[in-house]
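This report refers to the structure that appears directly beneath it.
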Amino acid sequence: MTRALKRGRRAAILLGAVPAPGLYSAQAFAHVKWFCTNVDVSSPPLGLRDVVSPFFLQICLGFLILVAAGVYVDCWIARLWPRSLSAGTRLQWAEDLLVRGGIAMYCVFLWNRTAVVPWGHAGAILTPELLDHDRLVGGLQIAVAVLVLWRRTCPAAAALVALLFGYGVARYGIFHMTDYVYFIGFIVYLALTAASSRLRAVRLPVLGATLGFSLMWTAVEKFLYPQWTAQILLEHPDITAGLPVASVIVIAGFVEFSLAFYLVTGRGLLRIGALAFMAVFVSAIPEFGRLDSVGHVPIIAILLAIFLRGSSPMHDALRLRHGGPAANTLAICSLYLVTLSVMIVMYYTMQLTAVRT
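By numbering that gives the first Met the number 0, the letter at position 37 of the sequence shown is numbered 36, and the numbering carries on one by one without gaps.
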């Protein structure tokens, strides 16, 4: 058997293991920067030639086929059972409860060691890794937890979250904070909570889109800074199931990127995609503990709201209205490749800019 055939067969075996969430979930979806001790965003990422290796291209092709199959089935579901796509605004009260309740609970966990996690005594700016010793930060976050309880005070909560996010940018830089674009989604969501019903309808699509971007961004980070994920894998060797660390990192990155991409583009299978994401986040908790469970509260809240709502006008806008399943599959697969390429280039560009400033 030739070397090329062996490599292709090996890639196929690894790709076939992807649907088993227990294999890669803990490593693939735990936020690397929360657990890695050698994170240095000023260090140069892996070169593009090393990132786009033959193995990378093989796995990319495999996931592109999976995405194509998913989109094709998705289109038929949308055509045959259109009423199953979305709950519309009928359950908006439940979405509000999930999103606002989730952010309130998370902000309480961040304050005064409530969650008994490592960052409690020092304070953290919205996320576990952005440590800050100013007690005012904790006070602002507990104020957010209180303000989101009433619709009329949600815009004030949005202003405080914006202030905290801006403070994070000032302390850690825009490149570092790009991991957490979904907090901008929370800002928009809370700011529009007291607005007209027409404006309230766009809140969840914006929140879902920002979450999708954040998760795709951290997936690309696995490709460009594989040493960060490798440290976690070496500390938790059971996650790899005996497979090469470098291979697991690439596959994990594509699992995360593909599911996040589907959060933005899916329709008929969108709820299944949201459930799959929740399953892998929850399955990471036994491996990584309380820090992981608390840190992902806002993300799980968004995923639950997406599961409840289903597709939105944003998802409809990404489909060709007069195109059949084949045309839409081709269009979405092209968008998948463009999105992956643009985000890799964007990551390189922003990292280089951050180092020079």
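Note that the Cβ used here is the ideal one computed from N, Cα and C, for glycine as well. Bear in mind that the values here come from a model prediction, so they are computed numbers and not experimental data.
Linking residue 232 to residue 243 through their CA atoms gives a straight-line distance of about 10 angstroms.
By the criterion of at least three beta-carbon pairs nearer than 8 angstroms, the stretch 46-61 is not in contact with the stretch 292-309. Shortest Cα-Cα distance from residue 181 to any of 328, 262, 45 involves 262. The DSSP-derived three-state label of residue 200 is coil. Cβ-Cβ separation between residue 184 and residue 206: approximately 4 angstroms, consistent with a contact (criterion under 8 angstroms).
Partner residues in the beta bridge of residue 123, as assigned by DSSP, are 130. With three or more CB-CB distances shorter than 8 angstroms, the stretch 59-78 counts as touching the stretch 327-343. Sorting 253, 225, 351, 192 by C-alpha distance to the C-alpha of residue 153 places 192 at the top. Here residue 189 has 153, 156, 157 as same chain residues with Cβ atoms under 6 angstroms from its own Cβ, once five neighbours each way along the sequence are excluded.
Taking 3 residues as the minimum length, the stretch 258-317 contains no beta strand (DSSP E) run wholly inside it. Between residue 256 and residue 219, the C-beta gap is smaller than 9 angstroms, which places the two residues in contact. Taking C-beta atoms under 8 angstroms as the contact rule, residue 306 and residue 355 fail to qualify, at a distance of about 42 angstroms. Of the candidates 264, 234, 254, 254 places its Cα closest to the Cα of residue 278. By the C-beta criterion, the stretch 134-141 is judged not to be in contact with the stretch 305-320, since fewer than 3 inter-stretch pairs fall below 8 angstroms. Between residue 260 and residue 335, the C-beta spacing is below 9 angstroms.
A check of alpha carbon separations from residue 102 across 147, 132, 127 identifies 147 as the nearest. Looking at 313, 226, 282, 312, the one whose alpha-carbon comes closest to that of residue 40 is 226. For residue 177, there is no enclosing alpha helix (DSSP H), since its DSSP letter is neither H nor E.
DSSP places residue 37 in no alpha helix (DSSP H); its state is neither H nor E. Here residue 170 carries a helix assignment [DSSP, helix/strand/coil].
Across the set 124, 223, 308, the C-alpha of 308 shows the shortest separation from the C-alpha of residue 268. For residue 343, same chain residues with a beta-carbon under 8 angstroms away, outside a window of 5 residues either side, are 47, 50, 219, 222, 223 in chain order. Excluding five sequence positions before and after residue 63, the CB atoms of its chain that fall closer than 8 angstroms to its own CB belong to 332, 335, 336, given in chain order. Counting along the chain, residue 95 sits inside the alpha helix (DSSP H) bounded by residues 91-109.
Within the stretch 44-83, the complete alpha helix (DSSP H) runs of at least 4 residues fall at 47-50, 53-79. In the three-state scheme derived from DSSP, where H, G and I count as helix and E and B as strand, residue 224 is classed as coil.
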